[in-house]
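Novice:
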Amino acid sequence: MKKLLILTIALLSFNFAFAQQLPSVSVEQQNGESINVTSLIDGETPMIVSFWSTTCKPCIKELDAIYEAMPDWLDETDFRMVAVSIDDARSVARARSMAEARGWASDFTALYDINQDFKRALNVNLTPQVFIFDKDGNQVYSHTGYLPGSESELIEKLIEISE
Amino acid sequence: MNKKAIAGAVVISALLVAVRVSASEPETGISQDYGTLADGAQSAVSAGNPASANSISYADLEKNAAKDTERKKSSGKYLGQLSGSFETNTIHYVEDNPIGFIPPEGNYGSNNYLKLDYNYKGFSAGLQAEWYPQVLQGYDRQFKGLGLPFLYLSWQNDFMSATVGSFYEQFGSGLLFRAWEDRTLGLNTAITGARLTFNIKDLVNIKVFSGLPRDYMKYPWSSSYMNYVPAFTEDMDVIDDINTKTARTVLTGLDVSFSLSEALKLEDHYFTVEGSLLHKYSPWIWSSPGTTYYYISEYAGGKVPSNVFSYSARLNYAYKGFSANFEYVGKGKEIVRPTDGASDAENLLKRGNAQLIDLSYSTGGLSVSAMFRRLENMRSDMYRRPDQTSSYTSNSLNYIPSLTTQHTYSLVAIEPYNVNANDEIGGQIDVFYQFRRGTALGGKRGLKVHATFSTYYANSLKDGLTMATDETGAPIYDDNFMPVLKSYNNQLMYREFTFDIDKSFTKSFQALFMYSYQKHLVHIPDLATNHLEERHAFVLDMTFKFSRKYSLRTEFQYLYSPLSEDKDWCAALLEFNMAPKWSIYVSDMFNHGNPDAKHHYYQAGVAFTHSIVRAALSYGRVKEGYICSGGVCRFTPAYTGANLSLTVRF
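Chains as they are written, first to last, in my numbering: chain A, 1 to 163; chain B, 164 to 813.
1. Note down, one range per segment and in chain order, each alpha helix (DSSP H) of at least 4 residues found wholly within the segment 84 to 150 of chain A.
2. What's the C-alpha gap between residue 264 of chain B and residue 767 of chain B?
3. Which chain B residues sit within Cβ distance under 7 Å of residue 148 of chain A?
4. Who are the neighbours of residue 770 of chain B on chain A, taking C-beta pairs under 8 Å?
5. Taking the alpha helix (DSSP H) that residue 72 of chain A belongs to, which residues open and close that run?
6. With DSSP as the reference, identify every bridge partner of residue 570 of chain B, one or two as the case may be.
7. If contacts are defined as beta-carbon pairs under 8 Å, then residue 123 of chain A and residue 349 of chain B qualify, I think. What distance do you get, rounded to the angstrom?
8. Taking only beta-carbon atoms, is residue 65 of chain A less than 7 Å away from chain B?
9. Ignoring anything shorter than 3 residues, give me the beta strand (DSSP E) runs that lie fully in the segment 587 to 619 of chain B, in order along the chain.
10. Which same chain residues, not among the five before or five after residue 412 of chain B, have their C-beta less than 7 Å away from its C-beta?
11. For chain A, check one thing: does any of its Cβ atoms lie closer than 7 Å to the Cβ of residue 595 of chain B?
12. Between residue 683 of chain B and the rest of its own chain, which residues show a CB-CB distance below 6 Å, the 5 nearest in sequence each way excluded?
13. In the DSSP output, which residue or residues are listed as bridge partners for residue 527 of chain B?
14. Report the residues of the segment 512 to 539 of chain B with a CB closer than 8 Å to any CB of chain A, ordered along the chain.
15. So residue 254 of chain B and residue 802 of chain B are in contact, right, with Cβ under 8 Å, and what is the actual spacing, rounded?
16. For my contact list, residue 315 of chain B and residue 288 of chain B are in at a C-beta cut-off of 8 Å; report their separation, rounded to the angstrom.
17. Who are the Cβ neighbours of residue 804 of chain B in its own chain at under 6 Å, not counting the five residues just before and after it?
18. Would you give the residue range spanned by the beta strand (DSSP E) that residue 34 of chain A belongs to?
19. Can you find a C-beta in chain B that's less than 7 Å from the C-beta of residue 83 of chain A?
20. Taking a Cβ distance cut-off of 7 Å, strictly less, list which residues of the segment 425 to 445 of chain B are near chain A, in chain order.
21. In whole angstroms, what separates the C-alpha of residue 521 of chain B from that of residue 96 of chain A?
22. What span of residues does the beta strand (DSSP E) with residue 805 of chain B cover, start to end?
23. Using the three-state DSSP reduction, which class does residue 740 of chain B fall into: helix, strand or coil?
24. Can you tell me the Cα-Cα spacing of residue 420 of chain B and residue 744 of chain B, whole angstroms?
25. Answer yes or no: does any C-beta atom of chain A fall closer than 7 Å to that of residue 587 of chain B?
26. Going along chain A in order, which residues have a C-beta closer than 7 Å to the C-beta of residue 479 of chain B?
27. Ignore the nearest five residues each way along the sequence and tell me which others in residue 432 of chain B's own chain have a CB closer than 6 Å to its CB.
28. If you compare alpha carbons, which of B:669, B:330, B:778 is closest to residue 607 of chain B?
29. Where does residue 165 of chain A land, buried or exposed, given buried means 16+ other C-beta within 10 angstroms?
30. Around the C-beta of residue 343 of chain B, are 16 or more other C-beta atoms found within 10 angstroms, so that it is buried, or is it exposed?
31. Please classify residue 363 of chain B: is it buried, with 16 or more other beta-carbons within 10 angstroms of its beta-carbon, or exposed?
32. So if I threshold CB-CB distances at 9 Å, which residues from the segment 673 to 687 of chain B count as touching chain A?
33. Output needed for residue 301 of chain B: all residues of its chain with C-beta closer than 6 Å, excluding positions within five of it in sequence on either side, in chain order.
34. Expressed to the nearest angstrom, what Euclidean distance is found between the alpha-carbon atoms of residue 162 of chain A and residue 786 of chain B?
35. Would you mind reading off the limits of the alpha helix (DSSP H) that contains residue 161 of chain A?
36. Going by DSSP in three states, residue 310 of chain B sits in which element: helix, strand or coil?
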């Protein structure tokens with residue numbers, strides 16, 4: 001353990017870029033087709049990336065809250081909303097159906113991370129986990145968990161980075 | 164084996180370097196690939212919402228790629244990117260006589276994970292260190308000590324990737340093969356070896372790998388593996404300390420996906436044909452059911468093969484709101500070991516097969532998905548254990564989940580259905596409907612309804628027996644007070660009907676009501692038999708939002724279960740939230756219907772989140788299952804005590 005700590009500290013003391021970028025991993029879209037996550041970077045608009053699953057009630061609440069607030073938020077600043085389901089083969093069909101019925105599949109970019117490569121690449125341990133990536137794909141905000149009202153931090157951050 | 168593995172790694176590394184040189188494509192090649200990706204992104208978005216602002220154009224991507232390169236060049240000192248996470252889940256246990264909980268030595272358990280990843284251009288390297296000074300109660304004891312079970316080096320460009328070291332992988336839905344991690348379940352089946360993936364113009368995707376599956380905290384070169392057939396005396400007594408040893412397993416797999424929609428340039432359609440091959444090499448088998456030792460030649464007439472070949476074929480089709488997926492898996496000859504603890508005589512050498520059909524359709528606010536699955540002798544272990552009657556959580560080669568709704572309300576999920584991978588037929592259907600805003604039922608904020616139905620039977624095995632029951636589900640006895648048995652075949656294993664209604668009444672009040680009916684074949688150890696239980700669960704979950712910062716959530720649950728041993732339960736939860744950082748809660752589950760064990764499962768906790776850190780502290784008596792509180796959900800085994808859960812990500 002001691003060696004590990006020393007190694008960690010040594011690594012941390014280097015001049016690495018810590019602001020994590022969107023990783024190059026493949027996920028599925030609503031129709032099952034694969035897409036590389038980096039292709040979401042458009043150089044113009046930032047995006048909210050939210051990790052959710054059908055077994056995560058707070059995640060569903062968070063996405064509903066964002067869905068509800070999105071028209072108002074878009075009046076204030078331009079952004080895109082990406083909902084990443086980490087449901088695996090057991091419940092991914094349910095996740096797709098839920099995203100369709102709740103309007104997320106049409107108003108958000110709905111992605112399905114079936115073997116959780118995207119989740120691991122961003123070091124997501126618990127859901128809900130939300131990120132904001134700027135127009136160049138650099139991570140500028142992250143938050144674990146959702147409590148009613150937490151979503152207001154997202155629009156504040158989006159406005160802040162648009163200035 | 165060790166030398167072979169090292170030699171393999173060297174060869175792969177050399178190959179990697181060679182490929183790297185030859186893959187230095189001109190810029191045009193790269194931009195072409197960006198183009199196809201952009202098309203994909205656009206079609207997905209436009210399929211759902213024509214007015215969406217999410218579309219990504221080819222030009223945008225190219226522009227962005229150029230900007231990215233420029234930025235990296237100008238920074239000069241770019242040393243790559245380091246990211247990672249740390250997680251600890253530590254419990255101080257307390258002895259709890261009423262529910263019979265005995266804490267382990269030292270009254271504690273602790274699971275710790277440190278994950279680090281380093282990326283530089285197309286290269287990445289990383290590790291996961293795990294530390295179990297004493298593994299948490301309910302997890303496999305084989306997780307012990309400090310180790311580096313996950314180490315990798317990989318390189319990728321837009322056309323291919325190469326990995327040496329550990330990786331996770333899945334073919335199709337995982338019915339044939341899945342290597343994955345689930346920390347809350349204490350499961351990690353990463354493969355250590357080498358993997359190559361290719362993407363040829365989005366037309367053909369190929370994955371090929373070979374390696375050793377992870378075996379808890381053992382390294383592949385560990386001396387606790389055995390490469391030779393063990394020695395036995397004439398009485399079948401073992402000469403070596405064989406109980407602690409396992410045969411090494413080597414897996415090799417190939418997965419090919421061919422896009423017909425890309426080949427035929429079918430717009431709006433998505434159509435792929437896929438196939439996989441999997442080879443498992445386990446040099447020998449040895450078992451000790453009870454006290455009898457078996458030698459490989461004694462087992463199933465000495466015909467146990469060391470090589471097991473399996474395959475799968477798949478079709479995926481999607482058009483607008485409709486999608487259909489078909490999967491067939493054929494599994495090579497292996498010893499079939501029933502999951503329900505049946506007698507050794509049933510351990511036979513058999514082939515396995517599985518069929519999976521998944522259909523879904525959505526239009527407007529309506530969305531329907533249906534799944535059918537049939538399993539026959541599909542249980543497949545990564546390692547053959549000396550003691551194969553014990554359950555090893557982290558030893559599954561394929562992923563065969565129960566295809567039922569995974570409930571998170573404690574009383575709805577009090578006794579979830581467990582799949583029988585060797586013998587099951589059934590399916591489920593899910594219907595989601597959203598009454599839009601402004602409709603009579605939708606009101607100002609819409610109304611969401613969801614219903615699910617699932618039913619599963621034991622089907623293919625003809626030799627199983629179960630207890631006969633009358634129409635009330637009560638067991639039938641003969642004149643000698645012995646339970647009457649009937650054939651297992653076509654026996655209902657599980658049936659469920661659940662619906663939930665979710666409505667935001669005002670900006671500050673939201674409520675969810677759920678009803679669940681479950682009929683479940685439950686094993687009764689005392690009678691060494693099974694009987695059908697019926698349960699009705701009711702849930703009311705309400706959220707009151709006082710301001711942007713303060714909110715209160717309450718949960719009330721009732722379980723009506725007259726036929727079960729535990730009878731009725733009730734539960735309540737009160738959670739006070741201060742967004743976005745603090746949450747405190749108290750909850751109780753009370754087994755009031757059981758005259759012999761009226762137990763309270765009480766809990767209280769606090770959770771704090773700020774920036775990259777999340778910490779949660781709780782105390783109580785916990786029943787196994789999902790705990791959704793403090794803004795997150797996680798699975799936990801049963802315990803009594805204080806729990807500290809801390810995650811840091813960077």
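Backbone N, C-alpha and C define an ideal beta-carbon position, used for all residues, glycine too. The structure presented is a predicted model; accordingly, all values stated were derived computationally and were not measured.
Specialist: Result, derived from the coordinates:
1. 92 to 101, 104 to 107, 117 to 121
2. Start at 1 with the first residue of the second sequence, and residue 264 of chain B comes out as number 101. Start at 1 with the first residue of the second sequence, and residue 767 of chain B comes out as number 604. Their backbone Cα atoms lie some 19 Å apart in a straight line.
3. To locate residue 148 of chain A, count along the first sequence from 1; it is residue 148. Within 7 Å Cβ-Cβ: 706, 708, 714, 740, 742.
4. What you label residue 770 of chain B is simply residue 607 of the second sequence in a count that begins at 1. For a Cβ distance threshold of 8 Å, residue set 145 of chain A lies close to residue 770 of chain B, ordered along the chain.
5. In the first sequence, counting from the first residue as 1, residue 72 of chain A sits at position 72. 57 to 76 is the extent of the alpha helix (DSSP H) around residue 72 of chain A.
6. As a position in the second sequence, residue 570 of chain B is number 407, starting the count at 1. Residue 570 of chain B pairs with nothing; no bridge assigned.
7. Locating residue 123 of chain A in the first sequence gives position 123, counting from the first residue. Locating residue 349 of chain B in the second sequence gives position 186, counting from the first residue. Between residue 349 of chain B and residue 123 of chain A the Cβ distance is about 20 Å, and since that is not below 8 Å, they are no contact.
8. Position 65 of the first sequence, counted from the first residue, corresponds to residue 65 of chain A. Not an interface residue.
9. none
10. Stepping through the second sequence from its first residue, residue 412 of chain B is reached at position 249. Same-chain partners within the cutoff: 375, 376, 443, 444, 445, 545, 546.
11. Taking the second sequence and counting its residues from 1, one reaches residue 595 of chain B at position 432. For residue 595 of chain B, the nearest beta carbon of chain A is closer than 7 Å to its own beta carbon.
12. Taking the second sequence and counting its residues from 1, one reaches residue 683 of chain B at position 520. Answer for residue 683 of chain B: 657, 696, listed in chain order.
13. Indexing the second sequence from 1 puts residue 527 of chain B at position 364. In the DSSP output, where bridge partners are listed per residue, residue 527 of chain B has none listed.
14. 521, 523, 525, 528, 529, 530, 531, 532, 534
15. The residue you call residue 254 of chain B lines up with position 91 of the second sequence. The residue you call residue 802 of chain B lines up with position 639 of the second sequence. Between residue 802 of chain B and residue 254 of chain B the Cβ distance is about 6 Å, and since that is below 8 Å, they are a contact.
16. As a first step, residue 315 of chain B is located in the second sequence; it is residue number 152 there, counting from the start. As a first step, residue 288 of chain B is located in the second sequence; it is residue number 125 there, counting from the start. The pair is a contact, with the Cβ atoms about 7 Å apart (cut-off 8 Å).
17. The sequence position of residue 804 of chain B within the second sequence is 641, counting from 1. 254, 255, 256, 257.
18. The residue you call residue 34 of chain A lines up with position 34 of the first sequence. It spans 34 to 36 - the beta strand (DSSP E) in which residue 34 of chain A sits, taken as one unbroken run.
19. If you number the first sequence from 1, residue 83 of chain A lands on position 83. Closer than 7 Å: no.
20. So the list reads 433, given in the order they occur along the chain.
21. The sequence position of residue 521 of chain B within the second sequence is 358, counting from 1. The sequence position of residue 96 of chain A within the first sequence is 96, counting from 1. Residue 521 of chain B and residue 96 of chain A have their C-alpha atoms some 12 Å from each other.
22. Start at 1 with the first residue of the second sequence, and residue 805 of chain B comes out as number 642. Taken as a continuous stretch (DSSP letters only), the beta strand (DSSP E) holding residue 805 of chain B covers 802 to 812.
23. Locating residue 740 of chain B in the second sequence gives position 577, where the first residue counts as 1. Residue 740 of chain B falls in the strand class under three-state DSSP.
24. Residue 420 of chain B sits at position 257 when you count from the first residue of the second sequence. Residue 744 of chain B sits at position 581 when you count from the first residue of the second sequence. Roughly 45 Å separates the two Cα atoms.
25. On the second sequence, position 424 is the one that residue 587 of chain B refers to. With a threshold of 7 Å between beta carbons, residue 587 of chain B makes no contact with chain A.
26. Here the question's residue 479 of chain B lines up with position 316 in the second sequence. Result: 32.
27. By 1-based counting over the second sequence, the position of residue 432 of chain B is 269. These residues qualify, in order along the chain: 424, 482.
28. Start at 1 with the first residue of the second sequence, and residue 607 of chain B comes out as number 444. Of the candidates B:669, B:330, B:778, the one whose C-alpha sits nearest the C-alpha of residue 607 of chain B is B:669.
29. There is no way to answer for residue 165 of chain A, as the model of chain A reaches only from 1 to 163.
30. By 1-based counting over the second sequence, the position of residue 343 of chain B is 180. When all chains shown are included, residue 343 of chain B counts as buried.
31. Looking up residue 363 of chain B in the second sequence gives position 200. By the 10 Å Cβ count, residue 363 of chain B comes out exposed.
32. 673, 675
33. In the second sequence, counting from the first residue as 1, residue 301 of chain B sits at position 138. Here the set comprises 800.
34. Indexing the first sequence from 1 puts residue 162 of chain A at position 162. Indexing the second sequence from 1 puts residue 786 of chain B at position 623. Their backbone Cα atoms lie some 47 Å apart in a straight line.
35. On the first sequence, position 161 is the one that residue 161 of chain A refers to. Its alpha helix (DSSP H) spans residues 152 to 162.
36. Counting from one through the second sequence, the residue named residue 310 of chain B turns up at place 147. Of the three classes helix, strand and coil, the one that applies to residue 310 of chain B here is strand, per DSSP.
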